[in-house]
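There are 2 protein chains.
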Amino acid sequence: MAVPSRYEVIGIVGLPEIRNGDDLGRLIVEGAAVQGTPFRDGDLLVVSQKIVSKSEGRVIRLVDVIPSPAALAMARELGKDARLVELILRESRRVVRMDKGVLIVETHHGWICANGGVDQSNVDLDAASLLPEDPDRSAQALRERVRRLSGVDAPVIVSDTFGRPWREGLTNVAIGIAGLQPIRSYLGARDPAGHTLQATLLAIADELAGAAEPVMGKLNRVPVTIIRGLAFERGEDTSKALLRDPTRDLFR
Amino acid sequence: MAVPSRYEVIGIVGLPEIRNGDDLGRLIVEGAAVQGTPFRDGDLLVVSQKIVSKSEGRVIRLVDVIPSPAALAMARELGKDARLVELILRESRRVVRMDKGVLIVETHHGWICANGGVDQSNVDLDAASLLPEDPDRSAQALRERVRRLSGVDAPVIVSDTFGRPWREGLTNVAIGIAGLQPIRSYLGARDPAGHTLQATLLAIADELAGAAEPVMGKLNRVPVTIIRGLAFERGEDTSKALLRDPTRDLFR
Numbered sequence: 029m030a031v032p033s034r035y036e037v038i039g040i041v042g043l044p045e046i047r048n049g050d051d052l053g054r055l056i057v058e059g060a061a062v063q064g065t066p067f068r069d070g071d072l073l074v075v076s077q078k079i080v081s082k083s084e085g086r087v088i089r090l091v092d093v094i095p096s097p098a099a100l101a102m103a104r105e106l107g108k109d110a111r112l113v114e115l116i117l118r119e120s121r122r123v124v125r126m127d128k129g130v131l132i133v134e135t136h137h138g139w140i141c142a143n144g145g146v147d148q149s150n151v152d153l154d155a156a157s158l159l160p161e162d163p164d165r166s167a168q169a170l171r172e173r174v175r176r177l178s179g180v181d182a183p184v185i186v187s188d189t190f191g192r193p194w195r196e197g198l199t200n201v202a203i204g205i206a207g208l209q210p211i212r213s214y215l216g217a218r219d220p221a222g223h224t225l226q227a228t229l230l231a232i233a234d235e236l237a238g239a240a241e242p243v244m245g246k247l248n249r250v251p252v253t254i255i256r257g258l259a260f261e262r263g264e265d266t267s268k269a270l271l272r273d274p275t276r277d278l279f280r
Numbered sequence: 029m030a031v032p033s034r035y036e037v038i039g040i041v042g043l044p045e046i047r048n049g050d051d052l053g054r055l056i057v058e059g060a061a062v063q064g065t066p067f068r069d070g071d072l073l074v075v076s077q078k079i080v081s082k083s084e085g086r087v088i089r090l091v092d093v094i095p096s097p098a099a100l101a102m103a104r105e106l107g108k109d110a111r112l113v114e115l116i117l118r119e120s121r122r123v124v125r126m127d128k129g130v131l132i133v134e135t136h137h138g139w140i141c142a143n144g145g146v147d148q149s150n151v152d153l154d155a156a157s158l159l160p161e162d163p164d165r166s167a168q169a170l171r172e173r174v175r176r177l178s179g180v181d182a183p184v185i186v187s188d189t190f191g192r193p194w195r196e197g198l199t200n201v202a203i204g205i206a207g208l209q210p211i212r213s214y215l216g217a218r219d220p221a222g223h224t225l226q227a228t229l230l231a232i233a234d235e236l237a238g239a240a241e242p243v244m245g246k247l248n249r250v251p252v253t254i255i256r257g258l259a260f261e262r263g264e265d266t267s268k269a270l271l272r273d274p275t276r277d278l279f280r
């Protein structure tokens with residue numbers, strides 16, 4: 029009998045509200061154990077950017093933000109809070125598009141996304157969260173902490189929901205990676221008919237971030253998901269492997 | 029004790045090579061049963077475009093394709109087989125970008141993708157496969173066939189791997205949908221702090237297509253995947269819900 033190829037996506041529920049300085053690795057390891065799904069060899073973790081940012085103190089009180097003249101001018105044009113625009117500009121390397129109330133920028137990490145990852149959801153009313161300063165470093169630190177506490181070397185994906193051109197709706201994608209080969213390459217591989225495969229690079233890290241999202245949701249308070257039972261390729265490449273080389277990108 | 033929120037991704041292995049006119053629904057229902065994972069209420073299916081196209085006879089022998097003068101000229105510029113370019117142009121509403129050997133088009137369905145979905149992998153050497161003519165109709169037909177044979181009304185996603193701007197690597201996305209609400213909307217929802225959520229539309233159908241891909245792979249011969257145990261929203265919207273309204277798309 030054929031053996032099905034399968035994996036499981038398991039949300040970790042019951043985590044407390046995360047605050048600056050919290051030991052996120054410990055809370056995750058304990059949360060997994062408490063709900064009866066302690067870590068196992070072969071597990072991979074998808075962690076929402078929001079709790080990583082909170083644990084790293086990347087939440088800003090808007091009352092502390094003084095907008096620059098440039099931010100004030102753009103805010104008027106966009107109909108946005110000038111303090112938010114100021115934060116977005118601080119997080120950005122350049123503005124990609126500005127239209128219809130939307131500010132699409134390239135962040136200092138190289139991600140192209142709306143509002144530079146500055147987000148007011150799931151933080152206090154007069155606050156906004158920023159992306160982690162270095163989400164790959166955050167992923168690596170979490171991976172090491174989880175390994176120390178649980179004995180399991182689980183790759184970690186730090187994820188956020190981004191929009192994209194052409195297609196409606198956001199999807200969860202990887203913005204920080206440790207321990208996982210982010211791209212699966214079929215370069216030079218041939219199919220059974222002998223064709224060299226054309227679509228050779230699969231963004232497995234983004235697909236797994238997406239796989240986690242339906243369990244995480246926006247309001248479910250499930251900021252961490254275990255991917256269990258999947259045969260993935262380990263590696264030490266970071267999320268930079270998902271940044272398209274500008275010279276290969278027809279849309280910059 | 030908290031109850032984890034979880035779902036499973038189960039590949040269906042052992043399907044035969046699919047040919048024009050095959051009863052795909054029967055093969056899938058039987059394949060799921062044979063491997064010990066017969067359909068259950070609440071299951072959702074992700075089916076690779078390739079086997080749908082094959083079962084619908086959407087495989088073209090290149091020897092039968094006569095390139096137009098326009099295709100010949102573009103093929104020279106791109107360094108591509110003129111018969112492939114001819115097929116791509118027939119599948120397209122317009123050319124979006126043509127550069128560096130890549131032809132990005134908007135298909136008649138409205139999808140923006142490389143080569144209009146015309147693909148030579150996993151077909152005979154002198155052939156190319158086209159996308160299904162109406163992938164939503166294909167999904168609906170498969171859903172009805174599976175329901176008739178198994179008694180389970182499983183929503184169906186027909187998927188293909190597409191590239192995207194800005195990020196490296198392809199991801200599997202939904203190009204045909206039946207029975208699933210493709211977009212999860214948080215419109216008007218508030219988070220615990222009282223913020224109205226900014227990121228209100230999640231492309232759940234694309235995320236689930238992506239979740240299926242790591243099991244499907246390109247060479248695994250796993251063209252069908254069951255999503256089991258996930259609480260998703262049923263609905264009769266089609267994949268058209270994932271086409272971004274051009275007036276809302278800053279990148280056309």
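As you go down the protein sequences, you meet chains A and B in turn.
Counting the first sequence from 1 gives a position; our numbering is that position plus 28.
Counting the second sequence from 1 gives a position; our numbering is that position plus 28.
A virtual CB, placed ideally from N, CA and C, is assigned to each residue, including glycine.
From a predicted model like this one, the values you see are computed outputs, not experimental measurements.
>> Measuring only the C-alpha atoms, how far is ASP92 (chain A) from VAL130 (chain B)?
In response: Taking the first residue of the first sequence as position 1, residue 92 (chain A) is located at position 64. Taking the first residue of the second sequence as position 1, residue 130 (chain B) is located at position 102. When rounded, the distance between both Cα atoms is 48 Å.
> Considering only the beta carbon of each residue, do ILE205 (chain B) and THR266 (chain B) sit closer than 7 Å?
Replying inline: Taking the first residue of the second sequence as position 1, residue 205 (chain B) is located at position 177. Taking the first residue of the second sequence as position 1, residue 266 (chain B) is located at position 238. Result yes, Cβ atoms of ILE205 (chain B) and THR266 (chain B) sit closer than 7 Å.
> Count the other CB atoms within 10 Å of the CB of PRO242 (chain B); is the residue buried (16 or more) or exposed (fewer)?
Replying inline: Looking up residue 242 (chain B) in the second sequence gives position 214. The residue in question, PRO242 (chain B), is buried, as its Cβ has 16 or more Cβ neighbours within 10 Å.
>> Once the 5 residues before and after ARG122 (chain A) are set aside, which same chain residues still bring their CB inside 8 Å of it?
In response: Mapped onto the first sequence, residue 122 (chain A) falls at position 94. Short of 8 Å from the beta carbon of ARG122 (chain A), and not among the five residues preceding or following it, lie these beta carbons of its own chain, in chain order: VAL133, GLU134.
> Run through DSSP, which three-state label would ILE56 (chain B) get?
Replying inline: Within the second sequence, residue 56 (chain B) is the residue found at index 28, counting from 1. The answer is helix: DSSP assigns ILE56 (chain B) an H, G or I state.
> Using the C-alpha atoms, what's the distance from MET126 (chain A) back to ARG256 (chain A)?
Replying inline: For the purposes of this step, residue 256 (chain A) is identified with residue 228 of the first sequence, where counting begins at 1. For the purposes of this step, residue 126 (chain A) is identified with residue 98 of the first sequence, where counting begins at 1. Straight-line Cα distance between these residues: approximately 41 Å.
> Which of the three DSSP states, helix, strand or coil, is assigned to ASN200 (chain B)?
Replying inline: On the second sequence, residue 200 (chain B) is found 172 positions in, with the first residue counted as 1. In this structure, ASN200 (chain B) counts as strand in the three-state DSSP scheme.
>> Considering Cα atoms alone, identify which of A:LYS128, A:ASP154, A:VAL186, A:SER33 is closest to LYS78 (chain A).
In response: Taking the first sequence and counting its residues from 1, the one referred to as residue 78 (chain A) is at position 50. The shortest C-alpha separation from LYS78 (chain A) is found at A:VAL186.
> Considering only the beta carbon of each residue, do ARG212 (chain B) and LEU230 (chain B) sit closer than 7 Å?
Replying inline: Here the question's residue 212 (chain B) lines up with position 184 in the second sequence. Here the question's residue 230 (chain B) lines up with position 202 in the second sequence. Cβ distance < 7 Å, so ARG212 (chain B) and LEU230 (chain B) count as in contact.
>> Across the stretch 61-70 of chain B and the stretch 89-104 of chain B, are there enough close Cβ pairs to call them in contact, namely three or more that are closer than 8 Å?
In response: no
>> Considering only the alpha carbon of each residue, which of A:HIS137, A:LEU236, A:ARG195, A:LEU270 lies closest to GLU196 (chain B)?
In response: Within the second sequence, the letter at position 168 stands for residue 196 (chain B). With distances taken between Cα atoms, GLU196 (chain B) lies closest to A:LEU270.
> Would ASN48 (chain A) count as contacting chain B if we go by Cβ distances under 7 Å?
Replying inline: On the first sequence, residue 48 (chain A) is found 20 positions in, with the first residue counted as 1. False, the Cβ-Cβ gap to chain B never drops below 7 Å.
>> Spatial neighbours of ASP51 (chain B) within its chain, please: C-beta separation below 6 Å, excluding the five flanking residues on both sides.
In response: The residue given as residue 51 (chain B) occupies position 23 in the second sequence. Answer for ASP51 (chain B): no residue qualifies.
> Any beta-carbon of chain B closer than 7 Å to the one on THR199 (chain A)?
Replying inline: By one-based count along the first sequence, residue 199 (chain A) stands at place 171. Yes, contact with chain B.
> Which one or two residues does DSSP pair with MET126 (chain A) in a beta bridge?
Replying inline: For this step, residue 126 (chain A) is matched to residue 98 along the first sequence. Paired residue(s): A:LEU131.
> Along the chain, where does the alpha helix (DSSP H) that runs through ILE79 (chain A) open and close?
Replying inline: Against the first sequence, residue 79 (chain A) aligns to sequence position 51. From DSSP, the alpha helix (DSSP H) with ILE79 (chain A) extends over 77-83.
>> Closest to ASP69 (chain B) by C-alpha separation, out of B:SER178, B:VAL201, B:LYS268, B:LEU278, would be which residue?
In response: As a first step, residue 69 (chain B) must be located in the second sequence, where it is residue number 41. If we check each option's Cα against that of ASP69 (chain B), B:SER178 comes out closest.
>> Please list the terminal residues of the continuous alpha helix (DSSP H) segment that includes ASP164 (chain B).
In response: Translated into the one-based positions of the second sequence, residue 164 (chain B) becomes position 136. 163-178 is the extent of the alpha helix (DSSP H) around ASP164 (chain B).
> Is the Cβ of GLY39 (chain B) closer than 7 Å to any Cβ of chain A?
Replying inline: In the second sequence, counting from the first residue as 1, residue 39 (chain B) sits at position 11. For GLY39 (chain B), the answer is yes, since a Cβ of chain A falls inside 7 Å of its Cβ.
>> Output needed in chain order: residues of the stretch 67-87 of chain B with a Cβ under 9 Å from some Cβ in chain A.
In response: none
> Is the beta carbon of ALA110 (chain A) sitting closer than 7 Å to the one on ALA99 (chain A)?
Replying inline: By one-based count along the first sequence, residue 110 (chain A) stands at place 82. By one-based count along the first sequence, residue 99 (chain A) stands at place 71. It is a contact, given that the beta carbons lie within the stated cut-off.
>> By the three-class DSSP mapping on this structure, what secondary structure does MET29 (chain A) have?
In response: Locating residue 29 (chain A) in the first sequence gives position 1, counting from the first residue. Confidence in MET29 (chain A) is poor, its pLDDT being 49 and thus under 50, which makes the residue's placement too unreliable to answer from.
>> Quick test of your reading: HIS137 (chain B) and PRO163 (chain B), contact by CB under 8 Å. State the CB separation rounded to the nearest angstrom.
In response: Sequence index remark: in the second sequence, residue 137 (chain B) carries index 109 (1-based). Sequence index remark: in the second sequence, residue 163 (chain B) carries index 135 (1-based). Correct: roughly 7 Å between the Cβ atoms.
>> With H, G and I counted as helix, E and B as strand and the rest as coil, what does DSSP make of LEU225 (chain A)?
In response: In the first sequence, the residue the question calls residue 225 (chain A) occupies position 197. Looking at LEU225 (chain A) - three-state DSSP - the assignment turns out to be coil, as it is neither helix nor strand.
>> When you compare the CB positions of LYS246 (chain A) and LEU258 (chain B), do they come within less than 7 Å of one another, or not?
In response: Indexing the first sequence from 1 puts residue 246 (chain A) at position 218. Indexing the second sequence from 1 puts residue 258 (chain B) at position 230. Against a cut-off of 7 Å, the Cβ pair of LEU258 (chain B) and LYS246 (chain A) comes out as no contact.
> Who are VAL252 (chain B)'s beta bridge partners in DSSP?
Replying inline: Along the second sequence, one-based indexing puts residue 252 (chain B) at 224. Answer by DSSP bridge pairing, in chain order: B:ILE40, B:VAL75.
> Nearest chain A C-beta to ILE203 (chain B) closer than 7 Å, yes or no?
Replying inline: Within the second sequence, residue 203 (chain B) is the residue found at index 175, counting from 1. Answer no: the Cβ-Cβ gap between ILE203 (chain B) and chain A never drops below 7 Å.
> What three-state label does DSSP hand SER213 (chain B) in the structure shown?
Replying inline: As a working note, residue 213 (chain B) is residue 185 in the second sequence. In this structure, SER213 (chain B) counts as strand in the three-state DSSP scheme.
> Which residue's Cα is closest to the Cα of PHE190 (chain B): A:VAL124, A:GLU235, A:ILE140?
Replying inline: For the purposes of this step, residue 190 (chain B) is taken as the residue at position 162 of the second sequence. Nearest option by C-alpha distance: A:GLU235.
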